[in-house]
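*Asks:* Mind looking over this structure? Questions follow.
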Amino acid sequence: MANLAALLEKSASTYADRTAIVFGDTRLSYAQVDGAANQVANLLVSRGVQPGDKVALSCPNLPYFTIVYYGILKAGATVVPLNVLLKGREVAYHLDDSDAVAYFAFEGTPDLPIGEAAWEGFQAVDGCKDFFLIKLDSAAPEPLEPPEYYAPLVAQQPPTFETVETDDDDTAVILYTSGTTGQPKGAELRHRNMRDNALAGADLFGADADRPDTYLCVLPLFHSFGQTCIQNGSMAFGGTVVMLPRFEAQAALGLMLKEKVTYFAGVPTMYWGLLGALDDSVDVEAIAASLRVAAAGGSALPVDIHRQFKDRFGVTILEGYGLSETSPVASFSVYGQEPKVGSIGVPIPGVEMKLIDAEWNDVPDDLEEDGKTAVGEIAIKGHNVMKGYYDRPEATAEAIRDGWFRSGDLGRKDADGFYYIVDRSKDMIIRGGYNVYPRELEEVLITHPAVSLVAVIGVPHESHGEEIKAVVVKNKDHDDVSEADLVAWGKEQFAAYKYPRIVEFRDELPMTATGKILKREI
1 MANLAALLEK
11 SASTYADRTA
21 IVFGDTRLSY
31 AQVDGAANQV
41 ANLLVSRGVQ
51 PGDKVALSCP
61 NLPYFTIVYY
71 GILKAGATVV
81 PLNVLLKGRE
91 VAYHLDDSDA
101 VAYFAFEGTP
111 DLPIGEAAWE
121 GFQAVDGCKD
131 FFLIKLDSAA
141 PEPLEPPEYY
151 APLVAQQPPT
161 FETVETDDDD
171 TAVILYTSGT
181 TGQPKGAELR
191 HRNMRDNALA
201 GADLFGADAD
211 RPDTYLCVLP
221 LFHSFGQTCI
231 QNGSMAFGGT
241 VVMLPRFEAQ
251 AALGLMLKEK
261 VTYFAGVPTM
271 YWGLLGALDD
281 SVDVEAIAAS
291 LRVAAAGGSA
301 LPVDIHRQFK
311 DRFGVTILEG
321 YGLSETSPVA
331 SFSVYGQEPK
341 VGSIGVPIPG
351 VEMKLIDAEW
361 NDVPDDLEED
371 GKTAVGEIAI
381 KGHNVMKGYY
391 DRPEATAEAI
401 RDGWFRSGDL
411 GRKDADGFYY
421 IVDRSKDMII
431 RGGYNVYPRE
441 LEEVLITHPA
451 VSLVAVIGVP
461 HESHGEEIKA
471 VVVKNKDHDD
481 VSEADLVAWG
491 KEQFAAYKYP
501 RIVEFRDELP
511 MTATGKILKR
521 EI
């Protein structure tokens, strides 16, 4: 069956009693997850949802996300996962832009009232007819009109359902891009995009249903990294997903120990957080005894974090690369081989990558003195590339040509075919006519003992066009370091046109829900 839900169904039929999801003290078997997803599918069909309809979902890393996600797919509909941090106005935009006909939303917490924002957004969109509010407390709710409660509705539905047949090229998921260059756009991902990428990604790390992995799910499931590499990859091979709704380093370390986690995937700031939380109370050896895979993506991982993690846990972090538009994985370091630190690896099976210029011309493979090619924009082709941006033919035509998707990321390639991210093309700073790549500077600045976290940005300058600024979070043991000290140190490390002339200290840096540093807010 082409339907992405077949990943869950196959494991449910083969490993019915095996634990699929762990959340706190709750442990759900594959049979339970599949049955609950069937109830969701029956609910949707009873409300008139048709194959191809769009159904939105706002939920953090809770079992409900996986259950509703596969329930929508079983009904032949398209899942539209929404960032749980969206406000009511933003929710309305996403519901309207995706043409969603129904919407599931978790109630949230006092600090993060997901349900309130969801209800506000739902009310503003005429085309979205059904709203289902998910509460953690499964007891009968107090009457609240007009939202409908998820639990009593699905309880009325049978736990069996004949999954709707879909074609490989039908849209399974619409993932909205972060919108750094305007309004967010919905990337349409086919069933084959999501299925093949999950299978390829799991296979990269030697997934084996006879020796299933235990995955710690700290990456948001509404994002492609968490969906494909954790949820779908685990479901495909009978693994166990241990859910943590919000990344907190101490909680993550505790779950890694308690559940004997074998697979951890995160963005660089999460690895930074784990290392910063290590103290005498953490049984690092016990965690390391179980940990088999450490994967990173989202942005380049500093070399110093690579080294520290390997020293403490005995596992080398393998870096990969991808985007929402590529389901997401495009390249990865090779499991079982010593990685080239700083590289995003090589294209995964079934995927091609190359470097292009602004006019789509190939960048020559000629190597420069440092053994890498000239800088070019990374283009990707393969089973992972999206169908296009939903209802945006012009944007799709700009992004995809002859099957090649242009990423907006600048990179280089070495003689062995390993790729290296230089920076986002839009993050590049042009100072006095010279191109400066913030990622290069950040990689060096974080090696300074006083620097715990850093983001380099360009700021307007009267004569140079842009000036280079480093925004730094200090290490707590080096509070005496001044801005002038770091400027002087940077001057020793970089060419005259590169080093940061401006340094600003902050207590923290703004981040997206996926843990990426949000430079546009800085």
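The UniProt record's numbering applies: residue 1 is where the sequence shown begins, and numbers increase by one.
Ideal Cβ placement from N, Cα and C applies to all residues, glycine included.
In the structure shown, what three-state DSSP assignment does residue 383 receive?
*Replies:* Counting from 1 along the sequence shown, the entry for residue 383 is found at position 383. Correct three-state label for residue 383: coil.
*Asks:* DSSP state of residue 428, grouped into three classes?
*Replies:* In the sequence shown, the residue the question calls residue 428 occupies position 428. It is coil, neither helix nor strand.
*Asks:* Mind the definition here: the region 4-14 touches the region 30-38 only if three or more C-beta pairs lie below 8 Å; say whether that holds.
*Replies:* Taking 8 Å as the limit for Cβ pairs, the verdict is that the region 30-38 does touch the region 4-14.
*Asks:* Can you tell which of 21, 277, 320 and 162 has the C-alpha that lies nearest to the C-alpha of residue 312?
*Replies:* Residue numbering aside, residue 312 sits at position 312 when the sequence shown is read from its first letter. When each option's Cα is compared against that of residue 312, the closest is 277.
*Asks:* How many Å lie between residue 197 and residue 4 at the Cα?
*Replies:* Position 197 of the sequence shown holds residue 197. Position 4 of the sequence shown holds residue 4. In a straight line, the C-alpha of residue 197 is about 11 Å away from that of residue 4.
*Asks:* With the cut-off set at 8 Å, would you say residue 28 and residue 63 are in Cβ contact?
*Replies:* Reading the sequence shown from its first residue, position 28 is the one you call residue 28. Reading the sequence shown from its first residue, position 63 is the one you call residue 63. For residue 28 and residue 63, yes; Cβs fall inside 8 Å.
*Asks:* Is residue 516 near residue 371, with beta carbons less than 8 Å apart?
*Replies:* Along the sequence shown, read from residue 1 onward, the residue named residue 516 stands at position 516. Along the sequence shown, read from residue 1 onward, the residue named residue 371 stands at position 371. Going by C-beta atoms, residue 516 is not nearer than 8 Å to residue 371.
*Asks:* Could you have a look at residue 446 and say whether DSSP puts it in helix, strand or coil?
*Replies:* Taking the sequence shown and counting its residues from 1, one reaches residue 446 at position 446. Of the three classes helix, strand and coil, the one that applies to residue 446 here is coil, per DSSP.
*Asks:* Am I right that residue 333 and residue 318 are in contact with their C-beta atoms under 8 Å? What's the rounded C-beta distance?
*Replies:* Counting from 1 along the sequence shown, the entry for residue 333 is found at position 333. Counting from 1 along the sequence shown, the entry for residue 318 is found at position 318. Sure, about 4 Å apart at Cβ, within 8 Å.
*Asks:* Report the partner residues of residue 132 according to the DSSP bridge assignment.
*Replies:* Stepping through the sequence shown from its first residue, residue 132 is reached at position 132. Paired residue(s): 104 and 148.
*Asks:* Measuring straight from C-alpha to C-alpha, what distance separates residue 148 and residue 195?
*Replies:* Here residue 148 is taken as the residue at index 148 of the sequence shown, counted from 1. Here residue 195 is taken as the residue at index 195 of the sequence shown, counted from 1. So the alpha carbons of these two residues sit roughly 32 Å apart.
*Asks:* Only counting the same chain, and skipping five residues up and downstream in sequence, which positions put a Cβ closer than 7 Å to that of residue 324?
*Replies:* Counting from one through the sequence shown, the residue named residue 324 turns up at place 324. Excluding sequence neighbours, residue 324 sits near 175, 177, 187 and 224.
*Asks:* Taking the alpha carbon of residue 248 as the reference point, which residue from 406, 513 and 54 has its own alpha carbon closest?
*Replies:* The residue given as residue 248 occupies position 248 in the sequence shown. Minimum Cα distance to residue 248 is reached at 513.
*Asks:* Less than 8 Å between the beta carbons of residue 469 and residue 500, yes or no?
*Replies:* Locating residue 469 in the sequence shown gives position 469, counting from the first residue. Locating residue 500 in the sequence shown gives position 500, counting from the first residue. Result yes, Cβ atoms of residue 469 and residue 500 sit closer than 8 Å.
*Asks:* Which of the three DSSP states, helix, strand or coil, is assigned to residue 255?
*Replies:* Locating residue 255 in the sequence shown gives position 255, counting from the first residue. Helix at residue 255.
*Asks:* Mind checking who residue 27 pairs with in its DSSP beta bridge?
*Replies:* Mapped onto the sequence shown, residue 27 falls at position 27. Per DSSP, 22.
*Asks:* Measuring CA to CA, which of 487, 485 and 452 is closest to residue 506?
*Replies:* Position 506 of the sequence shown, counting from 1, holds the residue named residue 506. Per the Cα distances, 452.
*Asks:* Whose C-beta lies closer than 7 Å to the C-beta of residue 124 among residues of the same chain, with five residues either side of it excluded?
*Replies:* One-based indexing of the sequence shown puts residue 124 at position 124. Same-chain partners within the cutoff: 92.
*Asks:* Can you give me the Cβ contacts of residue 95 inside the same chain, cut-off strictly under 7 Å, excluding the 5 residues immediately before and after it?
*Replies:* Within the sequence shown, numbered from 1, the residue matching residue 95 stands at position 95. Hits under 7 Å: 56, 103, 121, 122, 125 and 128.
*Asks:* Got a sec? Which residues, its chain only, sit under 6 Å from residue 159 by beta carbon, not counting five neighbours each side?
*Replies:* Position 159 of the sequence shown, counted from the first residue, corresponds to residue 159. Cβ neighbours of residue 159 beyond the five flanking positions: 35, 38 and 39.
*Asks:* Identify every residue that forms a DSSP beta bridge with residue 404.
*Replies:* Locating residue 404 in the sequence shown gives position 404, where the first residue counts as 1. In the DSSP output, where bridge partners are listed per residue, residue 404 has 401.
*Asks:* Would you mind sorting residue 345 into buried or exposed? The rule is 16 or more other CB atoms within 10 Å of its CB.
*Replies:* Taking the sequence shown and counting its residues from 1, the one referred to as residue 345 is at position 345. Burial call: buried.
*Asks:* So, at 7 Å on beta carbons, what are the nonlocal neighbours of residue 415 in its own chain, with the 5 sequence-adjacent residues on each side left out?
*Replies:* On the sequence shown, residue 415 is found 415 positions in, with the first residue counted as 1. Excluding sequence neighbours, residue 415 sits near 367 and 371.
*Asks:* Using the three-state DSSP reduction, which class does residue 276 fall into: helix, strand or coil?
*Replies:* Position 276 of the sequence shown, counting from 1, holds the residue named residue 276. In the structure shown, residue 276 sits in a helix (DSSP, three-state: H, G or I).
*Asks:* Taking residue 75 and residue 154 to be in contact with their CB atoms under 8 Å, please state how far apart those CB atoms are, rounded to whole angstroms.
*Replies:* Residue 75 sits at position 75 when you count from the first residue of the sequence shown. Residue 154 sits at position 154 when you count from the first residue of the sequence shown. At roughly 13 Å, the Cβ-Cβ gap does not stay under 8 Å, so residue 75 and residue 154 are not in contact.
*Asks:* Measure the beta-carbon distance from residue 377 to residue 407 and round it to whole angstroms, keeping in mind my assumption that it falls under 8 Å.
*Replies:* Walking along the sequence shown from the start, residue 377 turns up at place 377. Walking along the sequence shown from the start, residue 407 turns up at place 407. Indeed, because the Cβ distance is near 7 Å, the residues count as touching under 8 Å.
*Asks:* If you compare alpha carbons, which of 430, 97, 51 and 22 is closest to residue 71?
*Replies:* Indexing the sequence shown from 1 puts residue 71 at position 71. Of the listed residues, the one whose Cα sits closest to residue 71 is 51.
*Asks:* Buried or exposed for residue 321, going by 16 or more other Cβ atoms inside 10 Å?
*Replies:* Position 321 of the sequence shown, counting from 1, holds the residue named residue 321. By the neighbour-count rule (16 or more Cβ atoms within 10 Å), residue 321 is buried.
*Asks:* Kindly indicate which residue of 455, 436, 462 and 478 has the alpha-carbon position closest to the one of residue 496.
*Replies:* Stepping through the sequence shown from its first residue, residue 496 is reached at position 496. Taking only the C-alpha atoms, the option nearest residue 496 is 436.
*Asks:* Taking all protein chains shown into account, decide if residue 136 is buried (16 or more other Cβ within 10 angstroms of its Cβ) or exposed.
*Replies:* Counting from 1 along the sequence shown, the entry for residue 136 is found at position 136. With fewer than 16 Cβ atoms within 10 Å of its Cβ, residue 136 is classed as exposed.
*Asks:* Can you tell me where the alpha helix (DSSP H) holding residue 285 begins and where it ends?
*Replies:* For the purposes of this step, residue 285 is taken as the residue at position 285 of the sequence shown. First-last of the alpha helix (DSSP H) with residue 285: 284-290.
*Asks:* Less than 8 Å separating the beta-carbons of residue 409 and residue 292?
*Replies:* As a first step, residue 409 is located in the sequence shown; it is residue number 409 there, counting from the start. As a first step, residue 292 is located in the sequence shown; it is residue number 292 there, counting from the start. No, the pair does not count as a contact, with Cβ atoms beyond the cut-off.
*Asks:* What do you get for residue 336, buried or exposed, if any count of 16 or more other CB atoms within 10 angstroms of its CB means buried?
*Replies:* Locating residue 336 in the sequence shown gives position 336, where the first residue counts as 1. When all chains shown are included, residue 336 counts as exposed.
*Asks:* Going along the chain, which residues of its own chain have a beta-carbon closer than 6 Å to the beta-carbon of residue 458, five neighbours each way excluded?
*Replies:* Here residue 458 is taken as the residue at index 458 of the sequence shown, counted from 1. 429 and 466, listed in sequence order.
*Asks:* Find the nearest neighbour of residue 221 within the set 81, 86 and 261, judged by alpha-carbon distance.
*Replies:* Sequence index remark: in the sequence shown, residue 221 carries index 221 (1-based). Here the closest residue by C-alpha is 81.
*Asks:* Please state if the CB of residue 244 and the CB of residue 252 are separated by a distance shorter than 8 Å.
*Replies:* On the sequence shown, position 252 is the one that residue 252 refers to. On the sequence shown, position 244 is the one that residue 244 refers to. Against a cut-off of 8 Å, the Cβ pair of residue 244 and residue 252 comes out as a contact.
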